[in-house]
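**Student:** Here it is, the structure, as structure tokens.
Protein chains: 2
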Amino acid sequence: MDFSSWMSAIQERTERALERLLPAADVAPARLHDAMRYSTLGGGKRVRPLLCHGAGEILSAAPEALDLAACAVEMIHVYSLVHDDMPCMDDDVLRRGKPTCHVEFDDATALLVGDALQSLAFQTLAGPGVQTDAARQISMLHLLAQASGSRGMAGGQAIDLAAVGQQLNVRELEFMHIHKTGALIRAAVLLGAHAGNADDAALDSLSHFANRVGLLFQVVDDILDAEASTATLGKTAGKDAAQNKPTYVSLMGVADAKRLAADLLREAKTALEPLGPRAQRLAELADYIVQRTY
Amino acid sequence: MDFSSWMSAIQERTERALERLLPAADVAPARLHDAMRYSTLGGGKRVRPLLCHGAGEILSAAPEALDLAACAVEMIHVYSLVHDDMPCMDDDVLRRGKPTCHVEFDDATALLVGDALQSLAFQTLAGPGVQTDAARQISMLHLLAQASGSRGMAGGQAIDLAAVGQQLNVRELEFMHIHKTGALIRAAVLLGAHAGNADDAALDSLSHFANRVGLLFQVVDDILDAEASTATLGKTAGKDAAQNKPTYVSLMGVADAKRLAADLLREAKTALEPLGPRAQRLAELADYIVQRTY
Numbered sequence: 016m017d018f019s020s021w022m023s024a025i026q027e028r029t030e031r032a033l034e035r036l037l038p039a040a041d042v043a044p045a046r047l048h049d050a051m052r053y054s055t056l057g058g059g060k061r062v063r064p065l066l067c068h069g070a071g072e073i074l075s076a077a078p079e080a081l082d083l084a085a086c087a088v089e090m091i092h093v094y095s096l097v098h099d100d101m102p103c104m105d106d107d108v109l110r111r112g113k114p115t116c117h118v119e120f121d122d123a124t125a126l127l128v129g130d131a132l133q134s135l136a137f138q139t140l141a142g143p144g145v146q147t148d149a150a151r152q153i154s155m156l157h158l159l160a161q162a163s164g165s166r167g168m169a170g171g172q173a174i175d176l177a178a179v180g181q182q183l184n185v186r187e188l189e190f191m192h193i194h195k196t197g198a199l200i201r202a203a204v205l206l207g208a209h210a211g212n213a214d215d216a217a218l219d220s221l222s223h224f225a226n227r228v229g230l231l232f233q234v235v236d237d238i239l240d241a242e243a244s245t246a247t248l249g250k251t252a253g254k255d256a257a258q259n260k261p262t263y264v265s266l267m268g269v270a271d272a273k274r275l276a277a278d279l280l281r282e283a284k285t286a287l288e289p290l291g292p293r294a295q296r297l298a299e300l301a302d303y304i305v306q307r308t309y
Numbered sequence: 016m017d018f019s020s021w022m023s024a025i026q027e028r029t030e031r032a033l034e035r036l037l038p039a040a041d042v043a044p045a046r047l048h049d050a051m052r053y054s055t056l057g058g059g060k061r062v063r064p065l066l067c068h069g070a071g072e073i074l075s076a077a078p079e080a081l082d083l084a085a086c087a088v089e090m091i092h093v094y095s096l097v098h099d100d101m102p103c104m105d106d107d108v109l110r111r112g113k114p115t116c117h118v119e120f121d122d123a124t125a126l127l128v129g130d131a132l133q134s135l136a137f138q139t140l141a142g143p144g145v146q147t148d149a150a151r152q153i154s155m156l157h158l159l160a161q162a163s164g165s166r167g168m169a170g171g172q173a174i175d176l177a178a179v180g181q182q183l184n185v186r187e188l189e190f191m192h193i194h195k196t197g198a199l200i201r202a203a204v205l206l207g208a209h210a211g212n213a214d215d216a217a218l219d220s221l222s223h224f225a226n227r228v229g230l231l232f233q234v235v236d237d238i239l240d241a242e243a244s245t246a247t248l249g250k251t252a253g254k255d256a257a258q259n260k261p262t263y264v265s266l267m268g269v270a271d272a273k274r275l276a277a278d279l280l281r282e283a284k285t286a287l288e289p290l291g292p293r294a295q296r297l298a299e300l301a302d303y304i305v306q307r308t309y
């Protein structure tokens, strides 16, 4: 199977799994469930599920187990987008080419959508079918919780908030992104690996890969935000500059940011070498992250 | 030990455990951690931790395990208060006698405080020391996630939002409270029981007890909101009536609401009978919930 077919297949099975895991839109409270489905289904590149499956396939994890881990991470990601778009945060009206949750519904519903998606992520990862080894499943839950919390993604958002209008250096910007984006990207990769009973050596290689990819993802995001149009992105473009937010592009310029991206890509692929040819999907995914245009 | 000393002892050890589990206020991101500690520490009756310890003691659970389960539930409770107080929800300025989190800090920080507290709850319950039986620990995580989510507490909030200005009957009001308050109260009791390796019969009795106590708690809350002053409550009194929210008092009047509370209290105690004299603390707790004045 070529990469593009593999990617479509994973995106499709992720969509089906999310469909199944989210409560139906006619189950009470219907408006909340409707809004949870609106925010989660039918969009998104599903980068984290792709990383989760890519890592899990190296360790021969069961695809059904990877679906659950991938959906748990994606639910955390979607909840963070819904909250991040709210008026008290980024106040954004467009996401994945559609009105954001609080615009389509209302602020209170968006708040609860995010809250309930976070709970559903842990419920999914604590459910049956994730791992036959219960102790390892607990590690997976601990890993996702840590990656989501105040010293992971939510903490990154807080650092981001504090950074608006500030002069950061590249080191401080990196610290922010390691939390804001990196922690969950790393969780996606490691949860896939844990679903496949990875040993410490494999976890080490994958952790190193994920750290590079997490930063890579953000550098590319900053380049896209500076260069692409709103129509292509499906979300408001040029927003970082407009909000006076520090980015890799504002700190080092587009040319150096692109060089940094190339370095990170090379390092990410080097980290995969000990894993052999089965790591090909993850290498292709790293390429895809650099080449994507939205 | 008499009930009042027992209660103080549990409240104190809960406070110490929360102190220890929350990141220090000087750890980055410092403002977020400061706000998490502000919202969580030094206040609250700790009803859920008391229920958790009361149930766990019946099954001889280790006090240290109960601390972790109790703190996990309390973190979920506190996150819900922080989000519930935000301008897009109840827009309240006073909680536990202090300015609410978004007033003391800002809306974005309050949003992230709630988000990060939810993650920390699951991180705590997925940590070491909760249960030696890993499969049972996973059930505990699943239970807490379900109780917190769209068919538990967050769902109850959504039903509550939809009910503002609506004519509900007692059955609909009960449906709302079973989700909004009842689900987490039940989780507190059952997590305590699971920490002590409860069998199905004990879980059944405790589940029945918790369902009655959850409703009891809300009926008493409605009576207090109608009768008490803001100074005594430490939160804004008379708010439900002002917001035209349906309550047990608005639906059935104070006298009938008090009769309902007496019935629920009797049923809760009956549910404890199969558990023998060790259930005394839970019976006393139910009495305390009825007698509390704030």
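Order-wise, the sequence lines are chains A and B. Take 16 as the starting number for the first sequence in our numbering and just add one per residue. Take 16 as the starting number for the second sequence in our numbering and just add one per residue. Just so you know, even glycine gets a beta-carbon here, dropped at the ideal spot from N, CA and C.
(1) Quick one, which of Asp49(B), Ala84(B) and Asp278(B) has its alpha-carbon nearest isoleucine 200(B)'s?
(2) Could you confirm whether any beta carbon from chain A is found closer than 8 Å to the beta carbon of isoleucine 73(B)?
(3) Beta-carbon within less than 8 Å of valine 185(A)'s beta-carbon, same chain only, minus the 5 sequence neighbours each way: which residues are those?
(4) Are the C-beta atoms of methionine 101(A) and some chain B residue less than 8 Å apart?
(5) Quick check on the DSSP output: the alpha helix (DSSP H) that includes phenylalanine 18(A) runs from which residue to which?
(6) Closer than 8 Å by beta-carbon distance: list the chain B residues that pair up with histidine 209(A), in chain order.
(7) Buried or exposed, going by whether 16 or more other CB atoms sit within 10 Å of the CB of valine 62(A)?
(8) In chain B, which residues lie less than 9 Å from isoleucine 238(A) when you measure between Cβ atoms?
(9) Using DSSP bridges, identify the partner residues of lysine 195(B).
(10) Could you work out which residue in Ala283(B), Val234(B) and Arg111(B) is closest to glycine 59(B) when comparing CA atoms only?
(11) I want to see whether chain B comes within less than 8 Å of leucine 205(A), judged by CB atoms only; does it?
(12) Does any residue of chain A bring its CB to less than 8 Å from the CB of histidine 192(B)?
(13) What is the residue span of the alpha helix (DSSP H) that valine 228(A) lies within?
(14) Which residue or residues does DSSP assign as beta-bridge partners of lysine 284(A)?
(15) Using a Cβ cut-off of 8 Å (strictly closer), state whether arginine 177(B) contacts chain A.
(16) Would you please verify whether the beta carbon of aspartate 122(B) is less than 8 Å from any beta carbon of chain A?
(17) Between Pro44(A), Asp17(A), Gln295(A) and Arg28(A), which lies nearest to methionine 187(B) when the distance is taken from Cα to Cα?
(18) Can you check which of these residues, Ile25(B), Ser20(B), Gly57(B) and Leu66(B), is closest to arginine 227(B) by C-alpha distance?
(19) DSSP has leucine 109(B) in a bridge; who is on the other side?
(20) Could you tell me whether the Cβ of histidine 92(A) comes closer than 8 Å to any Cβ of chain B?
(21) Among Val204(B), Ala149(B), Gly229(B) and Leu279(B), which one has its Cα closest to the Cα of leucine 218(B)?
(22) Determine whether the Cβ of histidine 68(B) lies closer than 8 Å to any Cβ atom of chain A.
(23) Enumerate in chain order the residues of its own chain whose CB-to-CB distance from glycine 170(B) is below 6 Å, with the five nearest sequence positions on each side excluded.
(24) Please classify proline 292(A) as buried or exposed, where buried requires at least 16 neighbouring CB atoms within 10 angstroms.
(25) Rounded to whole angstroms, how far is the Cβ of glycine 71(B) from the Cβ of alanine 210(B), which I believe are closer than 8 Å?
(26) So alanine 32(B) packs on aspartate 82(B), CB below 8 Å; how close in whole Å?
(27) Is the beta carbon of glutamine 172(B) less than 8 Å from the beta carbon of proline 261(B)?
(28) In chain B, which residues lie less than 8 Å from aspartate 82(A) when you measure between Cβ atoms?
(29) Using C-beta distances below 8 Å, list every residue in its chain close to leucine 47(A), excluding the 5 sequence neighbours before and after it, in chain order.
(30) Just to confirm my understanding: we take alanine 298(A), look at its own chain, exclude 5 residues before and 5 after, and list those with CB closer than 7 Å. What are they?
(31) Step through the CB atoms of chain A and report whether any lies within less than 8 Å of the CB of glycine 170(B).
(32) Quick check on glycine 144(B): does DSSP put it in helix, strand or coil?
(33) Measure from the C-beta of arginine 35(A) to each C-beta in chain B and report whether the shortest distance is under 8 Å.
(34) Report, in whole angstroms, the separation of the C-beta atoms of alanine 178(B) and methionine 168(B), which I expect to be a contact under 8 Å.
(35) Counting only beta-carbon atoms, is arginine 52(B) nearer than 8 Å to chain A?
(36) Along chain B, which residues have their Cβ under 7 Å away from the Cβ of isoleucine 153(A)?
**Tutor:** For this structure:
(1) One-based indexing of the second sequence puts residue 200(B) at position 185. Minimum Cα distance to isoleucine 200(B) is reached at Ala84(B).
(2) Taking the first residue of the second sequence as position 1, residue 73(B) is located at position 58. Chain A contact via Cβ: absent.
(3) For the purposes of this step, residue 185(A) is taken as residue 170 along the first sequence, with counting starting at 1. The residues are Tyr263, Leu266 and Met267.
(4) As a working note, residue 101(A) is residue 86 in the first sequence. Yes, contact with chain B.
(5) Numbered from 1 along the first sequence, position 3 holds the residue referred to as residue 18(A). Element bounds for phenylalanine 18(A): 18-36.
(6) For the purposes of this step, residue 209(A) is identified with residue 194 of the first sequence, where counting begins at 1. Within chain B, no residue comes near histidine 209(A); the closest Cβ sits about 13 Å away, beyond 8 Å.
(7) Taking the first sequence and counting its residues from 1, the one referred to as residue 62(A) is at position 47. Result: buried.
(8) In the first sequence, residue 238(A) corresponds to position 223, counting from 1. Within chain B, no residue comes near isoleucine 238(A); the closest Cβ sits about 26 Å away, beyond 9 Å.
(9) What you label residue 195(B) is simply residue 180 of the second sequence in a count that begins at 1. According to DSSP, which records beta bridges pairwise, lysine 195(B) is partnered with nothing at all.
(10) Your numbering for residue 59(B) matches position 44 in the second sequence. The residue with the shortest Cα to Cα distance from glycine 59(B) is Arg111(B).
(11) Mapped onto the first sequence, residue 205(A) falls at position 190. False, the Cβ-Cβ gap to chain B never drops below 8 Å.
(12) As a working mapping, residue 192(B) is identified with position 177 in the second sequence. Chain A contact via Cβ: absent.
(13) As a first step, residue 228(A) is located in the first sequence; it is residue number 213 there, counting from the start. Its alpha helix (DSSP H) spans residues 215-242.
(14) For this step, residue 284(A) is matched to residue 269 along the first sequence. Lysine 284(A) pairs with nothing; no bridge assigned.
(15) If you number the second sequence from 1, residue 177(B) lands on position 162. Before going further, note that residue 177(B) is alanine rather than arginine in the sequence given. Closer than 8 Å to some Cβ of chain A, the Cβ of alanine 177(B) qualifies, so yes.
(16) Taking the first residue of the second sequence as position 1, residue 122(B) is located at position 107. With 8 Å as the cut-off, aspartate 122(B) counts as an interface residue toward chain A.
(17) In the second sequence, the residue the question calls residue 187(B) occupies position 172. In the sequence on display, residue 187(B) carries glutamate and not methionine. Among Pro44(A), Asp17(A), Gln295(A) and Arg28(A), the Cα nearest to that of glutamate 187(B) is on Pro44(A).
(18) In the second sequence, residue 227(B) corresponds to position 212, counting from 1. For arginine 227(B), the nearest C-alpha among the options comes from Leu66(B).
(19) Locating residue 109(B) in the second sequence gives position 94, counting from the first residue. In the DSSP output, where bridge partners are listed per residue, leucine 109(B) has Pro114(B).
(20) Along the first sequence, one-based indexing puts residue 92(A) at 77. Taking Cβ atoms only, chain B never reaches closer than 8 Å to histidine 92(A), which makes this a no.
(21) To locate residue 218(B), count along the second sequence from 1; it is residue 203. Nearest C-alpha to leucine 218(B): Val204(B).
(22) Your numbering for residue 68(B) matches position 53 in the second sequence. Histidine 68(B) does not count as touching chain A.
(23) On the second sequence, position 155 is the one that residue 170(B) refers to. Cβ within range, chain order: His194.
(24) Along the first sequence, read from residue 1 onward, the residue named residue 292(A) stands at position 277. With fewer than 16 other Cβ atoms within 10 Å, it is exposed.
(25) Along the second sequence, read from residue 1 onward, the residue named residue 71(B) stands at position 56. Along the second sequence, read from residue 1 onward, the residue named residue 210(B) stands at position 195. Rounded, the Cβ-Cβ distance is 5 Å, consistent with contact.
(26) The sequence position of residue 32(B) within the second sequence is 17, counting from 1. The sequence position of residue 82(B) within the second sequence is 67, counting from 1. Right, their Cβ atoms sit about 4 Å apart.
(27) Locating residue 172(B) in the second sequence gives position 157, counting from the first residue. Locating residue 261(B) in the second sequence gives position 246, counting from the first residue. Contact: no.
(28) Residue numbering aside, residue 82(A) sits at position 67 when the first sequence is read from its first letter. Per Cβ cutoff of 8 Å: no residues; aspartate 82(A) is ~17 Å from chain B at best.
(29) Taking the first sequence and counting its residues from 1, the one referred to as residue 47(A) is at position 32. Correct list, in chain order: Thr124, Leu127, Val128 and Ala131.
(30) Looking up residue 298(A) in the first sequence gives position 283. Lys284 and Leu287.
(31) Numbered from its first residue, the second sequence carries residue 170(B) at position 155. Taking Cβ atoms only, chain A reaches closer than 8 Å to glycine 170(B), which makes this a yes.
(32) Here residue 144(B) corresponds to residue number 129 of the second sequence, with the count starting at 1. Three-state DSSP puts glycine 144(B) in coil, outside helix and strand.
(33) Here residue 35(A) is taken as the residue at index 20 of the first sequence, counted from 1. No, no contact with chain B.
(34) Reading the second sequence from its first residue, position 163 is the one you call residue 178(B). Reading the second sequence from its first residue, position 153 is the one you call residue 168(B). That pair is no contact at about 15 Å.
(35) On the second sequence, position 37 is the one that residue 52(B) refers to. Judged by the 8 Å Cβ criterion, arginine 52(B) is not in contact with chain A.
(36) Numbered from 1 along the first sequence, position 138 holds the residue referred to as residue 153(A). Per Cβ cutoff of 7 Å: Ala141, Ala149, Gln152 and Ile153.
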